[in-house]
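Below: the structure, in structure tokens.
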Amino acid sequence: MDEELDMSQRCVLEAKKANRILDCIKRRVASKLREVILPLYSILMRSHLEYCIHLWGTQHKKDKDLLEWVQTRATKRIRGMKHLSSAERLRQLGLLSLEK
Numbered sequence: 017m018d019e020e021l022d023m024s025q026r027c028v029l030e031a032k033k034a035n036r037i038l039d040c041i042k043r044r045v046a047s048k049l050r051e052v053i054l055p056l057y058s059i060l061m062r063s064h065l066e067y068c069i070h071l072w073g074t075q076h077k078k079d080k081d082l083l084e085w086v087q088t089r090a091t092k093r094i095r096g097m098k099h100l101s102s103a104e105r106l107r108q109l110g111l112l113s114l115e116k
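In my numbering, the protein residues as written are 17 to 116.
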């Protein structure tokens, strides 16, 4: 951990890392089935997002929004979920928002 980084900068770095993981999943996994994407998201991406939320308890709305946007981007990847609102997607997938 770099002492030079503040919480917001760390959240940006973790969001970038999670986005790179999502891009890798998109390139390597042709399926958009829930049974394929959801476990990959949960194992590979969500831990980076939860790390910021739980460790620092992001105090700024922009940081929370950034991390939630990454989660939204990932859940839209699942077949049949793109047209739903973010809250509805999370409910149907059995996930909680990162803030909760």
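The beta carbon of each residue, even a glycine, is placed where N, CA and C say it ideally should be. Everything numeric in this text was worked out from a predicted model, so none of it was measured.
Boundaries of the alpha helix (DSSP H) in which residue 86 is found, first to last residue: Residues 77-92.
Cut-off 6 Å between Cβ atoms - residues of its own chain near residue 34, not counting five sequence neighbours on either side: Its chain contains 61, 64, 65 and 86 as the residues whose beta carbon lies nearer than 6 Å to that of residue 34, once the 5 sequence neighbours on both sides are disregarded; these appear in chain order.
Beta-carbon proximity of residue 109 to residue 54, cut-off 8 Å: At a Cβ-Cβ threshold of 8 Å, residue 109 and residue 54 count as neighbours.
Helix, strand or coil at residue 114 according to DSSP, with G and I counted as helix: Three-state result, residue 114: coil.
Cβ-based burial, residue 103 [other Cβ within 10 Å; buried from 16]: The C-beta of residue 103 has fewer than 16 other C-beta atoms within 10 Å across all chains shown, which makes the residue exposed.
Which listed residue (58, 40 and 48) has its alpha carbon closest to that of residue 95: Comparing Cα positions, the closest option is 48.
Unbroken stretches of the beta strand (DSSP E), 3 residues or longer, contained in the stretch 29-76: Along the length of the stretch 29-76, whole beta strand (DSSP E) runs at least 3 residues long do not occur.
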